[in-house]
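Protein chains in written order, with the numbering used here: chain A, 418 to 743; chain B, 418 to 743; chain C, 13 to 338; chain D, 13 to 338.
Where a beta carbon is used, it is the ideal one built from N, C-alpha and C, also for glycine.
Quick caveat: nothing in here was measured; it's all calculated off a predicted structure.
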Amino acid sequence: MTRKRLIHAINDALVEEMERDERVILIGEDVGASIFGDTRGLLARFGPDRVRDMPISEALMSGMAVGASAAGYRVVCHLMYANFIYTAFDAIANQAARLRLMTNGQIRLPVVFMAAGGGGRSNAGQHSDYPHMPVASLGGVYVATPSCSADAKGLLKTAIRTDDPVFFLQPTSRGGEMGDIPDGEHIVPLVSAKVLRSGDDVTIVAVGAMVRVASRAAEALAEDGISVEIVDPRTSYPLDQDTIIGSVRKTGRLVIVDEARSAGSIANQVAALVAEKAFSSLKAPIVPVTTRDLAIAYAPPLEKAMIPDADRVVDAVRMTLREIAP
Amino acid sequence: MTRKRLIHAINDALVEEMERDERVILIGEDVGASIFGDTRGLLARFGPDRVRDMPISEALMSGMAVGASAAGYRVVCHLMYANFIYTAFDAIANQAARLRLMTNGQIRLPVVFMAAGGGGRSNAGQHSDYPHMPVASLGGVYVATPSCSADAKGLLKTAIRTDDPVFFLQPTSRGGEMGDIPDGEHIVPLVSAKVLRSGDDVTIVAVGAMVRVASRAAEALAEDGISVEIVDPRTSYPLDQDTIIGSVRKTGRLVIVDEARSAGSIANQVAALVAEKAFSSLKAPIVPVTTRDLAIAYAPPLEKAMIPDADRVVDAVRMTLREIAP
Amino acid sequence: MIPNSTAAGSLDLLRTMLTIRKAEERLAGDFKAGLLPGPVHLYIGQEAVATGVCAQLDDCDWITSTHRGHGHFLAKGGDPKAMFAEIYGRSTGICGGFGGSMHVADVSKGILGANGIVGGGVALAAGAALAAQLDGEGHVGVCFFGDGAAAQGVLGEALNIAALWKLPLILVCENNGFSEFSPSSSVIAGDIFRRAEPYGIQSVRIDGNDIEAVAEAAGAAVERARNGGGCTLIEALTYRIHGHVEGENAFLKTRYREDEEVDSWRLKDPISRYGRLLEERGDIAVGKLSELEESIGKMINDAADAVADDPYPDSASLDRHELGAS
Amino acid sequence: MIPNSTAAGSLDLLRTMLTIRKAEERLAGDFKAGLLPGPVHLYIGQEAVATGVCAQLDDCDWITSTHRGHGHFLAKGGDPKAMFAEIYGRSTGICGGFGGSMHVADVSKGILGANGIVGGGVALAAGAALAAQLDGEGHVGVCFFGDGAAAQGVLGEALNIAALWKLPLILVCENNGFSEFSPSSSVIAGDIFRRAEPYGIQSVRIDGNDIEAVAEAAGAAVERARNGGGCTLIEALTYRIHGHVEGENAFLKTRYREDEEVDSWRLKDPISRYGRLLEERGDIAVGKLSELEESIGKMINDAADAVADDPYPDSASLDRHELGAS
Ligand SMILES: Cc1ncc(C[n+]2csc(CCOP(=O)(O)OP(=O)(O)O)c2C)c(N)n1
Ligand SMILES: Cc1ncc(C[n+]2csc(CCOP(=O)(O)OP(=O)(O)O)c2C)c(N)n1
Ligand SMILES: [Mg+2]
Ligand SMILES: [Mg+2]
């Protein structure tokens with residue numbers, strides 16, 4: 418095990434995959450200078466052919482990533498802040514997500530769109546989205562949402578090796594936390610949720626930075642004798658349905674924690690899944706803990722009030738426990 | 418009452434609102450020639466100052482709509498096929514949806530983005546999306562999804578008078594059906610669902626073109642003595658929660674029909690709402706009837722297999738009825 | 013020296029143009045007869061552009077195309093039979109019936125596909141050109157796009173990157189006078205080919221109905237690109253003899269061009285013009301043109317007939333395009 | 013004749029530049045002291061551009077700005093106190109603490125806001141220019157954007173529409189040599205001002221550190237726009253003395269420019285340069301510049317101090333920005 422910040426785990430994944438396969442290339446704005454640190458050192462190591470600083474042209478960049486991957490490369494397209502995926506959206510939505518079907522599989526696209534999402538540092542309304550669901554809505558793009566260093570590394574390595582598009586949404590706008598990473602080759606498959614903590618009374622499904630929030634809540638609840646199971650989907654889309662359903666079948670109660678806006682939150686997807694496929698196990702209403710349907714506000718107290726915290730999760734869990742089984 | 422095709426109801430709404438308020442302007446590609454018929458005659462009637470044929474520049478067009486509405490106009494921005502909202506997405510997502518909050522309400526945006534969504538005519542993978550949820554995910558844009566001529570007219574009139582952005586998603590790529598429209602001024606408020614058909618056994622929430630599909634299913638089921646209530650949200654976002662919840666409280670069973678892809682479907686939003694707020698009334702799993710998570714395929718049998726039809730809705734209803742209350 | 017200026021080369025050009033023409037005429041008839049499930053945009057009158065450009069390319073060069081893409085497909089070596097089957101929506105189609113007219117692609121021939129998003133091919137071609145540059149084997153990326161598409165900002169973004177990175181990219185603008193129903197002059201300011209100049213990119217405007225002019229300009233551009241000289245923008249002036257989309261008169265209520273204009277362009281038909289020239293030069297025998305017309309017409313009709321009743325794809329075939337299916 | 017070339021006008025220009033400079037210096041200090049919740053991008057060295065341009069405008073003219081927007085805000089008449097309060101995240105801020113540094117806006121002054129999306133202001137300004145054109149009262153829309161932003165395709169889209177519609181739009185490119193940490197030459201091909209030429213739009217490159225040159229060019233452009241002469245693109249060459257974002261050395265591991273380069277630009281400082289000129293000309297008394305510096309510095313510090321401890325916004329104030337709240 419090595420202890421590293423999440424952002425450095427991403428760097429390791431990029432280095433290893435670029436070493437492993439010379440057809441892996443990286444494009445993005447200032448990936449050379451590396452604002453977040455995730456692409457640091459790559460330009461020096463792999464040279465300007467494979468590591469390309471792009472002009473500020475997201476629409477072109479995402480489309481070029483599609484074109485270059487259709488033409489045989491494995492492209493990592495770094496979009497910096499996740500809000501810029503909207504600027505890049507056309508080629509992701511109208512091309513990347515559907516060329517496979519439209520060409521009957523002649524075109525497969527090994528392309529990873531990566532970006533840092535989430536609020537918490539007063540980056541304000543245009544730099545704090547966590548837009549996993551708008552991408553999920555396209556149906557043809559995996560959405561990987563690591564919550565820790567090990568998963569970030571393992572998921573990114575898998576994403577780069579996958580022959581379909583992946584949106585890799587890193588919870589690093591708040592910096593990225595420390596975490597243990599297994600030594601040697603470390604791979605995490607897509608569509609495999611992780612049960613982070615085992616429990617009997619209630620399931621919390623949490624994604625990205627909210628996994629840590631959920632864990633804090635679970636610890637607080639444990640002191641009151643409430644046993645929480647935490648499931649981290651790790652891939653927001655498609656969902657590892659079995660793991661989520663399995664957990665709810667055991668606990669009968671479900672809270673979902675996501676820092677995306679309510680209307681664009683995985684809480685809807687997960688709740689719908691469970692209300693369809695594990696309904697008979699449910700003992701209480703499914704309670705979402707999400708960000709309200711607004712852009713993130715700048716002032717620290719406002720931002721703090723918007724993004725889910727452990728207190729809100731604790732309250733939500735208590736609420737599901739108060740409800741009597743119907 | 419006057420009987421009209423939905424597309425002509427839209428035309429009426431545009432004419433009436435442009436007559437009523439000279440600050441209403443319309444921009445879009447070939448709105449003069451009018452491919453769908455919804456903007457027919459407007460150029461001749463209101464002149465090229467207020468009715469503007471745009472070049473193919475969706476990113477600019479949506480941003481200009483924001484700018485012109487910030488500067489005092491009521492802008493209708495016609496995006497033609499709904500897939501082109503992805504091309505126009507940046508200004509909708511990063512500007513329109515959030516300028517109100519970011520400026521503390523100094524900027525309000527009376528702008529309507531309109532487009533025709535849905536499959537059914539072999540327009541294939543890039544011309545058949547029904548992307549209401551990607552827009553809903555932004556949180557700052559109303560999403561109006563009329564299902565019939567009267568609602569199309571009434572909702573569009575309201576949308577044009579609203580001081581916040583509205584995405585008006587017309588189910589007209591299949592042509593637009595006939596329907597009765599009340600004579601005289603006809604207005605439908607946003608966020609007001611309609612109970613189209615009253616029933617006791619199961620609630621069907623259906624949007625857009627799927628309302629007709631749901632109605633056909635309800636009629637077939639009625640022959641077997643199954644009493645279906647149909648709720649048309651009319652505004653996909655925000656939802657009229659009370660009407661939906663009220664209906665489910667009555668029937669205890671819920672099927673949701675949407676031609677959007679499952680991952681980008683209102684089925685998730687509605688199911689989550691009900692699983693949170695009407696859980697104790699639910700007698701059976703919530704069953705979604707949606708399009709699978711793929712771009713719409715071209716070949717007619719494939720397309721037909723993908724888009725929900727009355728048979729699939731009937732099956733879904735029967736499934737919820739088979740389930741025993743837990 | 014004009015590439016392909018041998019007599020054999022000339023005959024090939026003539027054959028290819030006739031192949032496209034006959035295929036399009038067949039489709040026009042099929043559309044009228046109600047045999048096509050979806051819309052078709054015909055290339056009649058523009059054949060010299062695709063033919064003259066693609067004659068300079070081989071299977072390892074990439075092209076991206078438009079909604080009006082049959083000509084590019086055939087000129088680049090796509091199989092007519094597989095194209096007809098696709099447009100008929102059959103499982104034997106080049107895209108298995110999944111894509112249809114707006115998405116015909118054959119990756120084995122370097123055809124990354126027709127594209128329903130206007131301007132969508134620009135970034136894809138730039139990405140393919142990047143791939144070609146990285147491959148280092150002298151291949152190129154070619155983007156066909158319309159005058160209307162020139163209004164999409166991604167063109168400027170591509171010119172910028174192509175200049176900076178000296179991409180082996182050839183941008184071929186087919187200026188056929190219209191963007192749907194808008195005359196170019198109403199949606200395009202200035203001369204399209206001049207838009208390359210500020211970027212330091214070579215550009216030229218040519219008579220797109222003169223196949224030798226096309227071949228010459230394309231030959232020079234391709235040679236430059238293959239040799240590290242970077243990008244060229246070619247604006248080919250031409251005209252679409254058919255409407256924007258077959259059947260448009262059914263929905264257009266006003267005319268957007270005069271019959272005389274169309275007639276005047278019929279006189280400049282690229283095929284009969286080239287046929288006459290070759291006859292005059294003695295490169296082909298007098299009467300050869302009509303002989304070819306007949307034989308190619310028959311070949312095309314046989315190809316279409318052969319697949320017209322092929323089976324539709326099975327709806328189970330949708331499964332193979334879901335994420336996770338391999 | 014240079015607009016504002018009276019002695020009083022000159023003094024105003026000097027005052028405005030000093031106001032911006034002192035405000036930015038205060039913010040630099042505040043950032044270092046850890047007093048700012050979010051990131052700030054300072055305008056030090058570029059003051060002549062905002063000042064010279066905005067001196068030609070009145071409150072009914074619209075501007076859109078960038079992430080580096082404090083200078084534009086102040087030059088266009090925004091209140092320093094309200095700006096500081098905003099950047100401190102206080103409820104007394106010009107946007108109530110909702111927007112922060114990257115979103116300062118004052119619609120009453122025609123300031124549609126700073127913008128966190130690079131290139132985001134271009135379309136907004138074009139839309140505002142359309143509104144101004146429809147108003148018919150001789151107002152204009154002005155877009156400030158950076159050299160990096162010139163790579164966004166929307167610029168070409170705006171040039172096209174501005175030429176076609178003769179929009180009263182002034183596009184002011186502040187070429188400060190960098191796009192984040194990329195030197196312009198690595199992300200921008202050719203001369204930015206020349207990009208207007210193919211559209212038939214007037215353009216000029218000027219010394220952006222020479223306020224009289226700026227005022228002259230802007231004056232001519234504004235006059236042309238007010239009189240129906242359409243759009244102008246001005247490229248102002250300048251330099252940002254501070255980093256891209258305050259505190260960047262904490263995360264950058266490599267240097268992207270030499271100290272000597274920065275020093276050489278300090279010698280071209282637009283404020284001392286103009287002060288010296290005015291002294292030489294006798295428009296101001298010798299010593300006046302340092303006197304002004306002091307008094308304005310005090311005024312700015314007083315303004316900042318006055319709001320530094322204002323209350324944060326209440327989280328209940330979020331309610332008023334939800335759809336449906338009025
Ligand atoms: C992004 C996008 N916007 C609008 C359309 C609708 N549309 C289809 S073809 C067309 C006109 C294209 O004109 P041009 O590029 O000149 O090609 P041509 O049809 O003349 O071959 C338009 C507006 C589209 N398909 N995609
Ligand atoms: C759409 C978008 N892409 C990328 C960024 C990140 N970003 C912020 S500022 C900047 C550089 C802008 O350069 P320039 O336009 O020259 O303005 P300057 O910072 O020099 O004033 C970048 C890439 C952004 N904010 N928005
Ligand atoms: Mg055209
Ligand atoms: Mg710059």
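Are the beta-carbon atoms of residue i and residue j separated by less than 7 angstroms?
i	j	result
A/Ser-539	A/Tyr-715	yes
B/Val-622	B/Ser-564	no
C/Leu-176	C/Ile-213	no
C/Glu-192	C/Ala-248	no
B/Ala-688	A/Ala-688	yes
C/Gly-128	B/Ala-476	no
A/Thr-575	A/Ile-604	yes
B/Ala-485	B/Val-493	no
C/Leu-54	C/His-254	yes
C/Arg-117	C/Ala-227	Here the sequence assigns Ala to residue 117 of chain C, which means Arg is not the residue at that position. Cβ atoms of C/Ala-117 and C/Ala-227: not closer than 7 angstroms.
C/Gly-122	C/Asp-73	yes
A/Leu-573	A/Ala-430	yes
A/Val-731	A/Ala-637	yes
D/Pro-180	D/Ala-144	yes
List the whole-angstrom C-beta distance separating residue i from residue j, where the pair is believed to meet the contact cut-off of C-beta under 8 angstroms.
i	j	result
B/Met-471	B/Glu-436	The Cβ separation is near 23 angstroms, so there is no contact.
C/Ile-99	C/Val-134	24 angstroms between Cβ atoms; not a contact.
B/Ala-514	B/Val-558	5 angstroms
B/Ile-703	B/Leu-671	5 angstroms
C/Lys-280	C/Asn-188	About 12 angstroms; that fails the 8 angstroms criterion.
B/Ser-664	B/Val-612	7 angstroms
B/Pro-588	B/Gly-625	4 angstroms
B/Gln-543	C/Met-95	Actually they do not touch by this definition, with Cβ atoms about 18 angstroms apart.
If I follow the unbroken alpha helix (DSSP H) through residue i, where does it start and stop?
i	result
A/Cys-565	From DSSP, A/Cys-565 is part of no alpha helix (DSSP H); its letter is neither H nor E.
C/Thr-31	19–44
C/Val-234	223–238
D/Met-114	Careful: D/Met-114 lies outside any alpha helix (DSSP H) and carries neither H nor E.
B/Gly-558	In the sequence on display, residue 558 of chain B carries Val and not Gly. Premise fails: B/Val-558 is in no alpha helix (DSSP H) and is neither H nor E.
Which residue marks the beginning of the beta strand (DSSP E) containing residue i, and which one marks its end?
i	result
D/Glu-273	Taken as a continuous stretch (DSSP letters only), D/Glu-273 belongs to no beta strand (DSSP E), being part of the alpha helix (DSSP H) at 271–278.
C/Ala-94	Unbroken run through C/Ala-94 is the alpha helix (DSSP H), 92–99; no beta strand (DSSP E).
D/Leu-335	That residue, D/Leu-335, is in no beta strand (DSSP E); it is neither H nor E in DSSP.
C/Lys-121	Run containing C/Lys-121: none; DSSP gives neither H nor E here.
C/Ile-253	No beta strand (DSSP E) contains C/Ile-253, which DSSP labels as neither H nor E.
In the DSSP output, which residue or residues are listed as bridge partners for residue i?
i	result
A/Gly-445	A/Asp-470 and A/His-495
A/Gly-596	A/Lys-421
B/Tyr-654	B/Val-560
C/Gln-68	C/Gln-68 is not bridged to any residue.
Problem set entry | 3-residue-minimum beta strand (DSSP E) runs that sit fully inside the stretch 491–529 of chain A, ordered along the chain | Runs of the beta strand (DSSP E) spanning 3 or more residues and lying entirely within the stretch 491–529 of chain A occur at 491–498, in chain order.
For this session: Would you mind listing the alpha helix (DSSP H) stretches within the stretch 146–210 of chain D that are 4+ residues and don't spill past its ends, in chain order?
Result: The qualifying runs are 166–177 and 196–199.
Problem set entry | Ordered list of beta strand (DSSP E) runs contained in the stretch 699–737 of chain B, each at least 3 residues | Scanning the stretch 699–737 of chain B from its first residue to its last, the whole beta strand (DSSP E) runs of 3-plus residues come out as 704–708.
Exercise. Unbroken beta strand (DSSP E) runs of length 3 or more, entirely within the stretch 616–649 of chain B: which are they?
Worked result: If we require 3 residues or more, the beta strand (DSSP E) runs fully inside the stretch 616–649 of chain B come out as 619–623 and 645–649.
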